[in-house]
Amino acid sequence: MASYNIKAIDLGTCKNGMDVRQAFSIALHLSSYYNSWEELLNSITLLDAAPSHLILYNYLGFSETCKSDSQKLGQIITQYNKHFQDLSIIQLDYLDGLEENKIESIFKKRP
Numbered sequence: 017m018a019s020y021n022i023k024a025i026d027l028g029t030c031k032n033g034m035d036v037r038q039a040f041s042i043a044l045h046l047s048s049y050y051n052s053w054e055e056l057l058n059s060i061t062l063l064d065a066a067p068s069h070l071i072l073y074n075y076l077g078f079s080e081t082c083k084s085d086s087q088k089l090g091q092i093i094t095q096y097n098k099h100f101q102d103l104s105i106i107q108l109d110y111l112d113g114l115e116e117n118k119i120e121s122i123f124k125k126r127p
C-alpha cells in the first residue's frame, strides 16, 4: 500500500518571491528561509522526508501579481519534479489558463 505525505501551500497570500520561499520553508519545516530560488531548490531536493505531493494553491493569482517570480517558481517545479521522478511531485490545484504539458494538476478543472 502506498504511503502519502501531502503538503499544501497557498500562494494566494504571497506578494513576492520571498513570501513564496518563506511559505515553502514553513510548510516543509526547513531550517531557515532562503534569499534566492537556487537556495530553495537546493534545500528541497536534499530533503530526507520529501512529501509525496506538494500542492500549490492559487498559482494563477500569484502569477498575475508577480509574473517574473511565478516563472521562476515554474522552473523550480519542473526541476524538482525531474529530480524526484514521481517519487515526490509538486502539483498545482488546477491548470485553467496555464500552458499545457508544463506542470501537472491534481484536478482537471477548478474545484
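Okay, so the sequence shown: first residue is 17 according to our numbering, each after it adds one.
Every residue gets a Cβ at the ideal spot worked out from N, C-alpha and C, and that includes glycine.
| query | result |
| --- | --- |
| Residues that H69 bridges to, as DSSP identifies them | I22, I105 |
| Beta carbon proximity, K83 to chain D, threshold 7 Å | Absent from the structure is chain D; it holds one protein chain and no more. |
| Helix, strand or coil at K125 [DSSP, three-state] | Caution is warranted here: a pLDDT of 45 is assigned to K125, below 50, making its placement in the model unreliable, and no coordinate value can be reported. |
| K31 - DSSP class collapsed to helix/strand/coil | coil |
| 7 Å CB neighbourhood of N32 in its chain, flanking five on each side removed | C82, D85 |
| Rounded Cβ spacing between L128 and I105 (contact assumed at less than 8 Å) | Residue 128 cannot be examined here, being either before or after the span of the chain that is shown, 17 to 127. |
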